[in-house]
Structures are given as C-alpha cells and as structure tokens.
Amino acid sequence: MQEAILAALSLSSMLVSRGHEAAVVGGAVRDLLLSRRATEADLATSAPMDEILDIWPGSPVLGRPPAVTVIVLSRGCRIDVSTFQGKDLEEDLGRRDLTINAMAMVPDGTIIDPWGGRSDLAGRLLRFTGDPVERLIADPLRAVRIARFVSELPGFRVGQGSLKTCREFASRVAVMPLPRIGREVLHALEGDLPAFLETLEQGGILDPILPCLKGLSPFQRDQVFSRIRNACALTADPAVRAATLLADEGTTVTGTLSAWNWPNSLSREISALVENLTVALDGCDVRTWARLFRSRGADWIGKLSLLGFIFSLNSEPDTGVWVQRRVGSIPFIVRLQSFGKRITGEEVMALTGLESGPEIGRIMDDLDEAVALGEVRNREDALKWVSSAGGGHLRNSFSFPNPG
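For the sequence shown, this note's numbering begins at 57 and goes up steadily by one.
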C-alpha cells in the first residue's frame, strides 16, 4: 500500500488510541481504489483542534476556524489533519464536493461510503455529494472543479443532475476569484484539456471561465477545440497547450495569466508564444530568429514552431509551408546554439572604441545575424568581425522564400 495512506492510517490509529474517531478521507481514498499514486492524504478526526496541536506541536496551520488544517509530515508524506466539519464522520463526508471524494478509510482498512462513492467509481460517474445546490452554494467553484476531474480521470462523465446545477450557478462562477479559477485551469492543462473544456461548455460555464471564446461563431469555436485536441495529442508541455488555448487573447494574455496567478516563468513563456504567434504562422527574417534565440532560447523556439504546426493543421490543406519554414530556420538556430557564449557589450566597446548606447546593441544584433547566416563561426571570427566591420552597416533582412 502507498506510503501516504500508511502514514495517514498510522496517525489515525494514534488518535483512536486517545479515544477519538479518525479516518483517512477524500482524494487519497479515491486514488487508492483507482490504484493511482497519492503523495499526500487528508485525515479527519473528532479530536478538537487544540488537542491536535498538542499532539503535533509546531506543525504548520492553514485556514481559519472552523476550517483549520494542521499539516503533519510522516514517512516523507504530507498529511492534512482537521477536525470533523459536522457532528460526526458521515456529516463531514457529506460536506465534501463529490461522492468519489466523500469516502473514508478507518485504521483497520474498512471503507466508509455513506454517499455512494464506490458505485460512482464503478460507473465512472461524477456527482456532487448530497444536494448539488447545497454543494455549490457552499462553493460555486465546485462547478469548475467537477470539470477538472473529467480531465483527470479518463472515461468519467458528469451526471446530468450535477450539470444542470452547474448551469444554474453560471452567474456565481463568473464572479469567483480569478486565482481560484486559474488554479483549476492550470491543473486541467496536465490532463485531458478538451474534455475539461467540453464539460465546462455542457455546464454553461465555459464563457465565464474563458471570455476570449465568448462571441465566437460555432465554426470558430470548433476550430479552437480542434486546435486544442491537436495540441494535447502532440505535447504535454503546459506552455504550448496554454498558448493554443489562449491564442485569441492576443496582447491581453499577460493580464489573464497575471489575474490567474500562474507561476511567473510559465506565464512569461506563454505570453511570449502568443505574442509571437505571427512568427510561427508566417515566418520571419533571420534577424528576428536571432533576437528570439537570444531572448528566449532554442527550447522555446522549438515550442513556437510546434505552435505554428498546430495552427497549420487547421488553416492549411497540408503542412508543406510549415515544413519549409521549419527547415529554413533550423540552420540559423543550430549555428547560434553551436556558437557558444555571446560577445559582450563591454568587448564590443573595447574593440570599437564606441561608448555605451544603442549603437552597441545594433552591432551585437548584426553579429548575431552574421552567426546565424554562417558568416561568423566562432569567437575568434566574431572578434575579427567586430574589429574590422564594427557592425558599420545594417544587414539586409533575410526572409523565407514565398512558396509556390
């Protein structure tokens, strides 16, 4: 059995020995029944919070009364310990979001299932626990979360009653804190993103979650969904998937990602992909490739090219144009990557006698272009190039030939 479950059962046994009820609850039990790996677990107990803190003094505490959680590390696993929300275990489970998350395991391994979670697992059905209206009044974001579980659990679907309630709560979902919405979208990127979006649409909450899709014609929306299916078939990379999803945001994508509170490095990568989508679709001159290589790196350029391929699958009868552009750009990237460390601005100033300013940057850009074109092959060549030519003229831009 998994370490997280064993660790949580051990802690629950300790609480039971002190005269309290205690059980492993929620997602860890669900994942155990599905033979999925869990690295953390939740433990619910009748023990009051002050006693929990006495047992594990100094443990981090999250939340505010009455929903307080103590984080305990055991066997290298995180165990979240909380007091029952309600008078007993059954009432605590009844307040959880989905029936498949409303099961518990007591120390002897017995599964407690008052809300039909096992039968829903067997039927691959996602339902809100108890009265779905009560569940969404308690937290409207559960309408998004149930769709995220569709992306996470292959073959599962949302029950019609739960979908109906999601539609009734669309206006409340639209005013939920954006960081909470963003967290669910970010998790969905890791799974079946098309299933997530299709479930949001069935539940009437796709437009509030992704306003960039609002107002699109049925054909345009089908194109977006088709691109996303292709992206998910081709790559698990979250930046490429997200850029495909948010391409219609254009220059506003940075604001969306900031509002969603996504990690800064991922947000910058996605924003750069979306903002340079025209490069992926239409190609660019060698100077632009060199600039993108220096600012973003070869891996990112590979992602940009993949984004172009994804869009070409929908917009062009074949991928010949994309292949031609990709073949044309690869030598530039290989030469830039093989060159190694770039000549510094200080070295350019020493070799040319120029003061710091825009001219130094122009010379360095000219040099990068010469490297990409194969005219400068190594550092020695670069030093000679700067000394003799000094970047004294702007290079002619290189453009990909127009096919056809």
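From the three backbone atoms N, C-alpha and C, an ideal C-beta is built for every residue, glycine too. All values derive from a computational prediction rather than experimental measurement.
Residue burial annotation: T255 is buried, with at least 16 other C-beta atoms found within 10 angstroms of its C-beta. Secondary structure within the region 81-141: the alpha helix (DSSP H) runs of 4 or more consecutive residues, fully enclosed, are 83-89 and 105-111 (chain order). Fully enclosed alpha helix (DSSP H) runs of no fewer than 4 residues occupy 226-229 and 234-245 of the region 219-250, in order along the chain. Here the region 192-201 does not lie against the region 272-291, with fewer than 3 beta-carbon pairs under 8 angstroms apart.
Shortest Cα-Cα distance from L90 to any of G211, I193, A315 and G75 involves G211. L301 is positioned such that its CB atom lies no closer than 8 angstroms to that of T312. Taking a 10 Å sphere around the C-beta of D422, we find 16 or more other C-beta atoms and assign the residue as buried.
When rounded, the separation of the alpha-carbon atoms in R381 and S394 is 20 angstroms.
Annotated three-state conformation of M405 is helix, per DSSP.
Per the coordinates, the alpha-carbon of A63 lies some 6 angstroms from the alpha-carbon of R131. Around the beta-carbon of A406, fewer than 16 other beta-carbon atoms lie within 10 Å, marking it exposed.
Where S273 is concerned, there is no enclosing alpha helix (DSSP H), because DSSP gives it neither an H nor an E. For L429, the secondary structure class from DSSP, reduced to helix, strand or coil, is coil. In this structure S323 is buried. Its beta-carbon is surrounded by 16 or more other beta-carbon atoms within 10 angstroms.
Between R283 and N370 a beta carbon distance of about 6 angstroms is seen, short of the 8 angstroms cut, so the two are scored as contacting. Secondary structure remark: continuous alpha helix (DSSP H) runs of at least 4 residues inside the region 135-185, in chain order: 145-150 and 173-178. Between M420 and G401, the C-beta gap is smaller than 8 angstroms, which places the two residues in contact. The secondary-structure analysis by DSSP pairs R213 across a beta bridge with L181. G364 counts as buried, since at least 16 other C-beta atoms from the protein chains shown sit within 10 angstroms of its C-beta. When DSSP reads this structure, A78 sits in a beta bridge with T101. Put simply, the backbone Cα of D248 is about 17 angstroms away from that of I265. By the CB criterion at 8 angstroms, L392 and A346 fall inside the cutoff. Remark: C-beta atoms of A251 and V206 approach each other more closely than 8 angstroms. A direct Cα-to-Cα measurement between K143 and S102 gives close to 8 angstroms. Per DSSP, P267 lies in no alpha helix (DSSP H) segment and is marked neither H nor E. Closest option to D341, judged by alpha-carbon separation, among W378, S385, G119 and L67: S385. In this structure, DSSP gives L329 a helical state, which the three-state scheme calls helix. In the DSSP assignment, W316 falls within the unbroken alpha helix (DSSP H) covering V309 to W316.
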